[in-house]
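S.K.: In our numbering, the protein residues as written are 12 to 257.
Could you have a look at this structure, given as C-alpha cells, before my questions?
Here is the structure:
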C-alpha cells in the first residue's frame, strides 16, 4: 500500500526552519501476516513488514537558520526505511485468567537529501517487549498488570567544545549515534463493572509505573558544568476514574 502524510504546521514556521514548499511525505508498505489458533485456547500472530519512506523532512545543513541552536531550513529530500517482525501470543488460561506476550524486532533508518549514510530514526526501538495478565476473581471484577521493556531511543551526544568566560560550548557527535537506557514500566489496574439496562459503569484504580522506574526521555546540555544531563519521563502516578458507556 501507499500512504501520504502532510507536514505539520510547525514544519512551515520560518523561525524554526520551516519551509512552505515542503511536499507530502510518502510511504510504501509491504506487510505479510500469519495468524493461527493453537490448542489450549492459544492464538498466535506473526507479522513482517518492509516500509520505504520518501520526501521525508530533512535539515539542509548548507542553509542554517540558527546553527548555534542546531536549527536549519527544512527540505523534502530525506528518505528512509523500516524493517521488522512482530510476534504476539494470546492465551485464555481459564475462565478467570488470560494473558498475552508481544515482541517486536525492528530497525528504522533515515538519510538526508544528498547524503549517502543513514542514521537511526528518532523513534527507532530495536526491541519492544510487552506482556500482560488479567485476573477475574469475581464476575465483572478485574485485576490487570502490564510490563513493558523497550530499547532506549537514539539521541545525538554532545561533548565540550570551547569555554567562553565560564560557559561551555558544545560540539555534536554523529547524529543519533547513542541511545538512552532501556525503558521499563510496570502498570497495575483494578476495575469493577456495573451493568444496567441501557448503560454500563466502570470504576477503576490504576497505578502507572508502579515501581517508579526512572526512564530517561532525553538529555540537555549543562553549559556551566559542560556535561549532558538527563531528563526523565513520568514517575509513579496513581489514578482513580470512572468510565460510562451507553
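The beta carbon of each residue, even a glycine, is placed where N, CA and C say it ideally should be.
Please return the same chain residues whose Cβ sits closer than 6 angstroms to the Cβ of residue 141, not counting the five positions on each side in sequence.
M.R.: Only 113 and 159 meet the Cβ criterion.
S.K.: Evaluate residue 271 with the Cβ neighbour count: other Cβ atoms within 10 Å of its Cβ, from every protein chain shown; 16 or more gives buried, anything less gives exposed.
M.R.: Nothing about residue 271 can be reported from this structure: the residues present for the chain run from 12 to 257 only.
S.K.: Less than 8 angstroms between C-beta atoms, sequence neighbours within five positions excluded: which residues of the same chain meet that for residue 250?
M.R.: Around residue 250: 215, 216, 217, 218 and 219.
S.K.: Would a C-beta distance cut-off of 7 angstroms place residue 191 and residue 254 closer than the cut-off?
M.R.: No, Cβ-Cβ distance for residue 191 and residue 254 is not below 7 angstroms.
S.K.: Assuming residue 55 contacts residue 100 under a Cβ cut-off of 8 angstroms, what Cβ separation, rounded to an integer in Å, is found between them?
M.R.: Rounded, the Cβ-Cβ distance is 5 angstroms, consistent with contact.
S.K.: Can you tell which of 51, 60 and 172 has the C-alpha that lies nearest to the C-alpha of residue 45?
M.R.: Here the closest residue by C-alpha is 60.
S.K.: How should residue 210 be labelled, buried or exposed, when 16 other C-beta atoms within 10 angstroms of its C-beta is the threshold for buried?
M.R.: When all chains shown are included, residue 210 counts as exposed.
S.K.: What ranges does the beta strand (DSSP E) occupy inside the stretch 79-126, keeping only unbroken runs of at least 3 residues that lie completely in it?
M.R.: As far as the stretch 79-126 is concerned, its whole beta strand (DSSP E) runs of at least 3 residues are 82-102 and 108-122.
S.K.: For residue 63 versus residue 97, is the C-beta spacing smaller than 7 angstroms?
M.R.: Cβ distance not < 7 angstroms, so residue 63 and residue 97 don't count as in contact.
S.K.: Is it right to say residue 148 is buried, meaning 16 or more other beta carbons lie within 10 angstroms of its own, or is it exposed?
M.R.: Result: exposed.
S.K.: Can you tell me whether DSSP reads residue 135 as helix, strand or coil?
M.R.: Residue 135 falls in the coil class under three-state DSSP.
S.K.: What distance in whole Å lies between the Cβ atoms of residue 127 and residue 164, which are believed to be in contact at a cut-off of 8 angstroms?
M.R.: Incorrect: roughly 24 angstroms between the Cβ atoms, too far for contact.
S.K.: Between the Cα of residue 156 and those of 169, 166, 200 and 196, spot the shortest distance and give me the residue it belongs to.
M.R.: Taking only the C-alpha atoms, the option nearest residue 156 is 200.
S.K.: Excluding the 5 residues flanking residue 49 on each side, which residues of the same chain have their C-beta closer than 7 angstroms to its C-beta?
M.R.: Hits under 7 angstroms: 55.
S.K.: Could you give the DSSP three-state label for residue 238: helix, strand or coil?
M.R.: Residue 238 falls in the strand class under three-state DSSP.
S.K.: Helix, strand or coil, according to DSSP, for residue 7 in the structure here?
M.R.: Since the first and last residues shown for the chain are 12 and 257, residue 7 lies out of range.
S.K.: Assuming residue 108 and residue 121 make a contact with CB atoms under 8 angstroms, what is their CB distance in whole Å?
M.R.: Incorrect: roughly 43 angstroms between the Cβ atoms, too far for contact.
S.K.: Could you give the DSSP three-state label for residue 20: helix, strand or coil?
M.R.: Correct three-state label for residue 20: helix.
S.K.: Quick one, which of 88, 139 and 14 has its alpha-carbon nearest residue 118's?
M.R.: Per the Cα distances, 139.
S.K.: For residue 193, collect the residues of the same chain with a Cβ closer than 7 angstroms to its Cβ; drop the 5 residues on either side in sequence, then sort them by chain order.
M.R.: Answer for residue 193: 160, 161, 162 and 163, listed in chain order.
S.K.: Helix, strand or coil for residue 165, going by three-state DSSP, please let me know.
M.R.: It is a strand residue.
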